[in-house]
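Before any comments, here is the structure.
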Amino acid sequence: MLTRVTALAAGIAAAALATPVMAQEEGEDKRWKATAELGAIATSGNTESTSFQGKVDATHELRRWKNQYVFSTLFQEDEITQPDGSTETETTAEKFSASVKSAYKLARENTNLFVFGSHTDDEFGAYSTYSTIAVGYGARLYDAETMQLDVELGPGYFWAEQEFEDGTSESEDGAIIRGAAQYEWQLSDNAEFKQVLSVESGQDNTRTVSDTSLSARINSSMQMKVGFNLSTDTEVAPGKEKTDTTTYANIVYKF
146 MLTRVTALAA
156 GIAAAALATP
166 VMAQEEGEDK
176 RWKATAELGA
186 IATSGNTEST
196 SFQGKVDATH
206 ELRRWKNQYV
216 FSTLFQEDEI
226 TQPDGSTETE
236 TTAEKFSASV
246 KSAYKLAREN
256 TNLFVFGSHT
266 DDEFGAYSTY
276 STIAVGYGAR
286 LYDAETMQLD
296 VELGPGYFWA
306 EQEFEDGTSE
316 SEDGAIIRGA
326 AQYEWQLSDN
336 AEFKQVLSVE
346 SGQDNTRTVS
356 DTSLSARINS
366 SMQMKVGFNL
376 STDTEVAPGK
386 EKTDTTTYAN
396 IVYKF
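Just so you know, we're using my numbering here: the sequence shown kicks off at 146 and counts up by one.
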């Protein structure tokens with residue numbers, strides 16, 4: 146049975162395994178691309194709440210390898226009315242996610258073999274921790290001037306922990322099949338639509354994560370991004386919802 150600490154360690158180990166040990170390639174142009182997102186809302190008066198969302202997505206592309214690192218966080222505090230009529234500020238959302246994917250490029254264009262590792266720590270979610278490692282094959286199914294569709298599929302393993310209302314917890318682990326897809330549509334020179342979807346299915350649970358977003362360019366390095374994130378689990382503890390959603394509006398900086 147995994148504890149919360151060992152589940153976190155599993156996620157870190159998965160991320161470490163996902164980054165291959167590669168020899169220095171002499172004369173190779175190492176290219177980094179990264180975006181940083183930030184969104185924050187604070188209200189006061191009759192209703193008091195504070196929310197914060199941040200995300201960093203970095204890609205390191207080599208001649209034969211393409212590595213991607215994604216880190217995101219969500220935090221929210223709300224003013225809660227107690228049974229006696231008093232109010233108290235409580236944390237209502239606290240979530241951190243990290244993932245690493247390393248893809249080895251094959252001879253056929255836009256195809257690869259990949260290793261993927263992820264970890265999510267969600268204080269108020271259906272699972273308090275959820276870690277995954279997977280390997281598989283990725284390919285571009287559709288490639289047009291303004292549209293692209295990339296998919297990947299492969300086997301993996303997960304470690305997770307559920308916390309119940311009575312303070313007890315239960316650990317789960319097992320084999321999974323992981324599938325993912327990313328669709329990008331360049332609507333115009335200044336606007337882009339993106340849909341990212343992943344499904345991790347095992348005997349104990351099937352986790353589906355979807356992120357739908359629309360970005361509009363402000364200038365050469367900044368964008369305004371609005372989106373909708375949905376996460377579902379088929380098996381959850383009593384009293385927990387199967388679906389979590391987040392609607393967001395972020396400022397994105399590219400560098």
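Note that the Cβ used here is the ideal one computed from N, Cα and C, for glycine as well. Keep in mind the model is a prediction, meaning the values are calculated, not measured.
- Per DSSP, reduced to three states, the secondary structure at G301 is strand.
- With respect to the 8 Å criterion, S244 and S273 are not classified as neighbours on the basis of their beta carbons.
- Sequence-distant partners of L294 (beyond 5 residues in either direction) whose C-beta falls short of 6 Å from its own C-beta, in its chain, are L286, Y287 and Y328.
- Residue environment: G384 is assigned as exposed (fewer than 16 neighbouring CB atoms within 10 Å of its CB, all protein chains considered).
- DSSP assignment within the segment 303-389 yields the following whole beta strand (DSSP E) runs of 3 residues or more, N-terminal first: 314-331, 336-347, 351-362 and 367-378.
- Counting only residues of its own chain and dropping the five nearest sequence neighbours on each side, M292 has a CB closer than 6 Å to the CB of W330.
- Judged by DSSP in its simplified three-state form, S273 adopts coil rather than helix or strand.
- About 31 Å separates the CB atoms of V397 and S346; that is not less than 8 Å, and the two are not in contact.
- For Q227, there is no enclosing beta strand (DSSP E), as DSSP marks it with neither H nor E.
- Going by beta carbons, R176 and E222 fall outside the 8 Å limit.
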